[in-house]
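> Structure in structure tokens, see below.
Residue numbers (this note's numbering): 959 to 1040.
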């Protein structure tokens, strides 16, 4: 599945990563440039709805999205790891 990133650089929202999955598209919100995990994740039905929500909530425009390597924040933990 694909992932996309946009830098919002707004108070409380430094960057947003869209993560496509079988169940829909997760909108992962990172608070600071140094954040290593999202502090907000919202599930949207599809990529179009996720981008529309990001425009409405964070002011992210279509041209700001760029593809990034797939990072599965919602994968089940590997056996033996926590």
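The beta carbon of each residue, even a glycine, is placed where N, CA and C say it ideally should be.
Once the 5 residues before and after residue 965 are set aside, which same chain residues still bring their CB inside 6 Å of it?
These residues qualify, in order along the chain: 973.
> Are residue 975 and residue 967 closer than 7 Å when you measure CB to CB?
no
> Helix, strand or coil, according to DSSP, for residue 1051 in the structure here?
Beyond the ends of the chain as shown, which are 959 and 1040, falls residue 1051; an answer cannot be given.
> Report yes if the C-beta distance between residue 983 and residue 1008 is below 7 Å; otherwise report no.
yes
> Pull up the distance between the alpha-carbon of residue 980 and that of residue 969, whole angstroms please.
31 Å
> How is the beta strand (DSSP E) around residue 1029 delimited, first residue to last?
Where residue 1029 is concerned, there is no enclosing beta strand (DSSP E), given that its DSSP letter is neither H nor E.
> Can you tell me where the beta strand (DSSP E) with residue 965 in it begins and where it stops?
It spans 961–968 - the beta strand (DSSP E) in which residue 965 sits, taken as one unbroken run.
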